[in-house]
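Protein chains in written order, with this note's numbering: chain A, 69 to 376; chain B, 1157 to 1589.
All residues carry an ideal CB built from backbone N, CA and C; glycine is no exception.
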Amino acid sequence: MGWRRKDLLTIRELEPAEILMLLDTAESLKEIATREIKKVPALRGKTVVNLFLEPSTRTRTSFEIAGKWLSADVINVSGSSSSVMKGETLLDTAKNLEAMSPDIVVIRHPHAGAAHLLARSLRCSVINAGDGAHEHPTQALLDLLTIREKKGHLEGLKAVIVGDIARSRVARSNIWGMRKLGMTVTVAGPPTLIPPHVGELGVKVAYTLEEAIRDADIIMMLRLQHERMTGALLPSLREYSRLWGLTLEKLREGRDDVLIMHPGPVNRGIEMSPEVADGPYSVILEQVTNGVAVRMALLYLMAGGKGQ
Amino acid sequence: MNLLVRGGRLVDPANALDGVLDCLVLGGKVAEVGRGLTAPEGTPIVDATGKVVAPGFIDMHVHLREPGYEYKETIATGTRAAALGGFTRVTCMANTEPVNDNRAVTDYILAKARQDGWVHVHPVGAVTRGLKGEALAELGELAEAGCVAYSDDGHPVMNAGLLRRALEYVQPFGLPIISHAEDATLAAGGVIHEGVVSTELGLRGIPAAAEEVMVARDIALAELTGSPIHIAHVSTAGAVRLIRGAKNRGLRVTAEVTPHHLLLTEEAVRSFDTNTKMNPPLRSKADREALQEAVADGTLDAVATDHAPHAPAEKEIEYDLAAFGIVGLETAVPLLLHHFVHGGLLDLGTLIARFTVGPARILNLPGGHLGKGADGDLVILDLDQEREVDPASFASKGRNSPFGGWRLRGFVWMTVVGGRVIQQEGILRGGGR
């Protein structure tokens, strides 16, 4: 079985078998990270453009390392240095990039649907590295890989995603991915941060953290974009962290084998206390490590590599 | 101009006519409707056998963009689109540059329309200066200059006290105020309907309540002042309920609906096609059903397109950043003939009423019927012509339509203004009025 899609825009559109192929391939490529010489020739002669029109360190670096370990030529174009700031439209920028014959364009963009816009008009492959509040497919893949590594399986596990669900592309991609692989998902947070009709995505909603984490196998805390929050959505950060911040004390109500995840970067002391972020349940750094693995898998499969 | 249209099925809801009847136009005015009419020597004769003859259609909600946004549309291109779409009369909204909030702009639009227009053009004046919602425009002078209504369309008048005073102040002029009913604090930067699709796509939603809160307010102000108010582009089931209730209580409230709200739902947005982005947004299936029912039972008096042409660069961009609105003049009639008349949702007479007597009564316009002495404006429909919608062939400068590629049955065959054939089978004739 091989990869058949031109682009990866959403987890929603993927079949479970495609997700599993990506995870299996990532697992087998992960070992490259432990080598003395971290390089395989799989993507030699291929060009990957990272078009990052929104600030990002983690995801861009992760894609860059993934491409380089596979021997691709990786070019980074970022928002501040790009011509997007000079009045050129996204489509203009993309078509100019395409004229230089890249094989894969990875796009991060502050607006939902930007990756779709690119994919419709470019012949090369497009990877969505996060489009507004819509989706962040490789984040869900790295999260699923991390959970499977730690738990040995995915089917039947209970995950709870806590925080600003309404504005989270991480939540959306994980909801689809987890559901497709047989997990149950609960979203939790203040009602002002829970999007309408979210139940129709096949998730439960909890309105207290205690209720949400009681029998959860996985607790995924989202980053609170607190700079735009206080006012109409939240009374104060203090109250948010009191009601929704994860502390060791609140975790006592949870399972002993719970995994604590966070897509980063963590607002320490807001969505979780430092003791939780650095504590024994936390797999936050494993998530980062697995990020490189799933991105290698995706680039490898898109460039024509055989799936595992 | 003289013209005799013979042998068609003539449908004139204002005069309760529906049958095989001839229509004779003399000197640009309807002289007679009846069987076996003869015309003076030399009168051009149109054989409409097998076709439907109706009063020229009226689109009471159009953005002609001139002056100021001629790159989007002009009075010339917009009225050509109207002629091709079967409309002999359009009213154009005030959000031009400069805004139509004073006589000079109204005069300019009417002069341009006399010079370049293919159909009758009636300007709508602004309610407030610069559409800013702060101070009344010179509403009396706008009426004198020839405006047929007032609206800050696109910019809801959020200040209820100011709208109340506007409703009172215009009473001597007899023109209605058209409300773009949307509470800006609830819409809050949304770009699509707030519902399951906005949740899935991560796009900011505009809740149905943003419209309903304003419709309720507008109805209360109509009751307070006794003045007529017209609700533009109704999009939600809740707004329909409020309007139905107000009409049942005898209040002077009227309403219109667009073809796209009658046909599409939020589901269309899933593709991120920016031609599904309009304000108000495409709503849920339940909302669409309520609109379909309301246009049939008369709660919604008129169908209007909200024709909103934009340049490609304003649409071929990120969904959040794309302009709101789609073109509608050249697709409205075929869409509704196909999906509503052939689709069994609406009988032909009712559809024609929503395009003729409905808007004519709301705005006190001269057209919309074929009584003796009325303007000789006709549209002739071919209910069996089948064709695919091709935005590239539009006369409008705007290509922003979500209906490209739709195969439809039932098109406009001929358009007549003042007894002159201006359009036949998609070909414009005679260089305007």
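Using a Cβ-Cβ cut-off of less than 8 Å, give me the residues of the segment 1446-1478 of chain B that come near chain A, in sequence order. Ala1469, Glu1472, Ile1473, Glu1474, Tyr1475, Asp1476 and Leu1477
Using a C-beta to C-beta distance shorter than 9 Å, which residues of chain A count as neighbours of B:Gly1361? Pro263 and Pro264
Inside the segment 1394-1444 of chain B only - beta strand (DSSP E) runs reaching at least 3 residues: 1409-1413
For chain B, is any of its Cβ atoms less than 9 Å away from the one on A:Arg240? yes
When you compare the CB of A:Ala180 with every CB in chain B, is at least one pair closer than 9 Å? yes
9 Å is my cut-off, CB to CB: does A:Leu119 come that close to chain B? no
Would you give the residue range spanned by the alpha helix (DSSP H) that B:Ala1376 belongs to? Ala1364 to Thr1381
Closer than 8 Å by beta-carbon distance: list the chain B residues that pair up with A:Gly200, in chain order. Gly1358, Leu1359 and Asp1476
Determine which residues share a DSSP beta bridge with B:Leu1220 and list them. Per DSSP, none; premise fails for B:Leu1220.
Please go through the same chain and pick out, in chain order, the residues whose beta-carbon is closer than 6 Å to the beta-carbon of B:Gly1351, but skip the five residues on each side of it. Glu1422 and Ser1440
Could you have a look at B:Ile1265 and say whether DSSP puts it in helix, strand or coil? helix
Element boundaries [beta strand (DSSP E), containing B:Ala1467]: No beta strand (DSSP E) holds B:Ala1467; DSSP gives it neither H nor E.
Can you find a C-beta in chain A that's less than 9 Å from the C-beta of B:Val1513? no
Tell me whether B:Val1390 sits in a helix, a strand or coil according to DSSP, three-state version. coil
Could you pull the DSSP bridge partners for A:Asp199 from this structure? A:His177 and A:Glu203
Distance, Cα to Cα, A:Ser149 vs A:Asp171? Low confidence applies to A:Ser149: its pLDDT is 48, below 50, so where it sits in the model is not reliable, and the reading given next is rough at best. Computed Cα separation, rounded: 21 Å.
Would A:Thr201 and A:Trp244 be called neighbours here (beta carbons separated by less than 9 Å)? A quick correction: the sequence has Ala, not Thr, at residue 201 of chain A. Their beta carbons are not under 9 Å apart, which means A:Ala201 does not touch A:Trp244 by this criterion.
Start-to-end residues for the alpha helix (DSSP H) that takes in A:Asn358: Ile352 to Met370
Got a sec? Which residues, its chain only, sit under 7 Å from A:Leu366 by beta carbon, not counting five neighbours each side? Leu76, Leu90, Ile195 and Thr206
Does the segment 1163-1175 of chain B come into contact with the segment 1503-1518 of chain B, if we say contact requires no fewer than three beta-carbon pairs (one atom in each stretch) closer than 8 Å? yes
Hey, does B:Ile1352 have any beta-carbon neighbour from chain A nearer than 9 Å? The amino acid occupying residue 1352 of chain B in the given sequence is Val; Ile does not appear at that position. Closer than 9 Å to some Cβ of chain A, the Cβ of B:Val1352 qualifies, so yes.
Along chain A, which residues have their Cβ under 8 Å away from the Cβ of B:Phe1428? Ala180, Gly181, His184 and Leu185
Given a threshold of 16 other Cβ atoms within 10 Å of its Cβ, counted over all protein chains shown, does B:Ala1305 qualify as buried or as exposed? buried
Inspect the beta-carbon positions of B:His1276 and B:Asp1533 and report whether they are closer than 9 Å. yes
Under 6 Å Cβ to Cβ from B:Leu1159, same chain only, skipping five residues before and after it: list those, please. Val1181, Pro1200 and Gly1575
According to DSSP, simplified to helix, strand and coil, what is A:Met329? strand
Once the 5 residues before and after A:Ser341 are set aside, which same chain residues still bring their CB inside 8 Å of it? Gly313, Leu314, Thr315 and Leu316
Counting only C-beta atoms, is A:Glu268 closer than 9 Å to chain B at any point? yes
Spatial neighbours of A:Val271 in its chain, beta-carbon cut-off 7 Å, leaving aside the 5 residues before and after: Ile243, Val253, Thr254 and Val255
What are the residues that DSSP puts in a beta bridge with B:Asp1178? B:Gly1190
Identified DSSP bridge partners for A:Asp92: Looking at the DSSP assignment, A:Asp92 forms no beta bridge with any residue, so it has no partner.
How would you list, in chain order, the residues of chain B whose beta-carbon sits under 8 Å from the beta-carbon of A:Leu159? Glu1472 and Ile1473
Which residue from B:Ile1375, B:His1417, B:Ser1427 and B:Val1390 puts its Cα closest to that of B:Lys1403? B:Ile1375
Determine, for B:Thr1392, whether the minimum Cβ-Cβ distance to residues of chain E falls below 9 Å. In the structure shown, chain E does not exist; the protein chains are A and B.
Establish whether the CB of B:Thr1355 and some CB of chain A are separated by less than 9 Å. yes
A:Ser304 classed as buried or exposed, judged by whether at least 16 other C-beta atoms fall within 10 angstroms: exposed
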